[in-house]
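Visitor:
Numbering (UniProt numbering), first residue to last: 1 to 174.
#1: Cα-Cα, which of 148, 146, 131 and 173 is closest to residue 156?
#2: Less than 8 angstroms separating the beta-carbons of residue 97 and residue 154?
#3: Identify whether residue 4 lies in helix, strand or coil by the three-state DSSP scheme.
#4: Just reading off the beta strand (DSSP E) that residue 168 is part of, what are its end residues?
#5: In the DSSP assignment, the alpha helix (DSSP H) including residue 31 goes from what residue to what residue?
#6: Do residue 146 and residue 169 have their beta-carbon atoms positioned less than 8 angstroms apart in this structure?
#7: Measuring CA to CA, which of 52, 126 and 66 is closest to residue 46?
#8: Locate the alpha helix (DSSP H) running through residue 87, then write down its first and last residues.
#9: Decide if residue 128 is buried, meaning its Cβ has at least 16 other Cβ atoms within 10 Å, or exposed.
#10: Kindly list the residues whose CB is nearer than 8 angstroms to the CB of residue 123, restricted to its own chain and excluding five residues on each side of it in sequence; keep chain order.
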């Protein structure tokens, strides 16, 4: 096991940021897919976040996301159940709100582990950029596990799937 100094910078004292699969890494590895997925998230404001309750059942909540430096992030009201879910079990999924009935640009989904950001300087930087309501908040950055963009191409679905170190795989379904 590596020592803390060998692991590098941490988030909240417990996460090796260098080992995370950041939005920037995804953008570097799959720039076209990253651009299309980002466009889906930027086309609407409110998206759907799926977390796991303490009993293992799913919970869905609304959330807004930000592309913040190298990361895909989202904030939460202090003490919100989605934040408590993520503190207990960081696994989550994020689904971009389709901004039109035609699903122009496709349907974007991300599976990740949420990592809570607790460093005050990072929270201050986030507040300065996003202007959230006053008061305490939770901030999470996503450690990406997979990104999927599904779109209609002709008479079939095209599913583009990216996973770290595996690149983009294209599937077609009729």
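Note that CB positions come from ideal geometry on N, CA and C, so glycine has one too.
Guide: Concretely, from the data shown:
#1: In the chain shown, counting from the first residue as 1, residue 156 sits at position 156. For residue 156, the nearest C-alpha among the options comes from 173.
#2: Translated into the one-based positions of the chain shown, residue 97 becomes position 97. Translated into the one-based positions of the chain shown, residue 154 becomes position 154. The Cβ atoms of residue 97 and residue 154 do not sit closer than 8 angstroms to each other.
#3: For the purposes of this step, residue 4 is taken as the residue at position 4 of the chain shown. Note that residue 4 scores 33 on pLDDT, short of 50, meaning its location in the model is unreliable and no value can be drawn from it.
#4: For the purposes of this step, residue 168 is taken as the residue at position 168 of the chain shown. Note, residue 168: beta strand (DSSP E), 167-173.
#5: Position 31 of the chain shown, counted from the first residue, corresponds to residue 31. 31-43 is the span of the alpha helix (DSSP H), which, as asked, contains residue 31.
#6: Here residue 169 corresponds to residue number 169 of the chain shown, with the count starting at 1. Here residue 146 corresponds to residue number 146 of the chain shown, with the count starting at 1. Not in contact: residue 169 and residue 146 (Cβ atoms no closer than 8 angstroms).
#7: As a working note, residue 46 is residue 46 in the chain shown. Each of 52, 126 and 66 was checked against the Cα of residue 46, and the nearest Cα belongs to 66.
#8: As a first step, residue 87 is located in the chain shown; it is residue number 87 there, counting from the start. Annotation: the continuous alpha helix (DSSP H) that includes residue 87 extends over 81-88.
#9: The residue you call residue 128 lines up with position 128 of the chain shown. So residue 128 ends up on the exposed side.
#10: For the purposes of this step, residue 123 is identified with residue 123 of the chain shown, where counting begins at 1. These residues qualify, in order along the chain: 117, 137 and 139.
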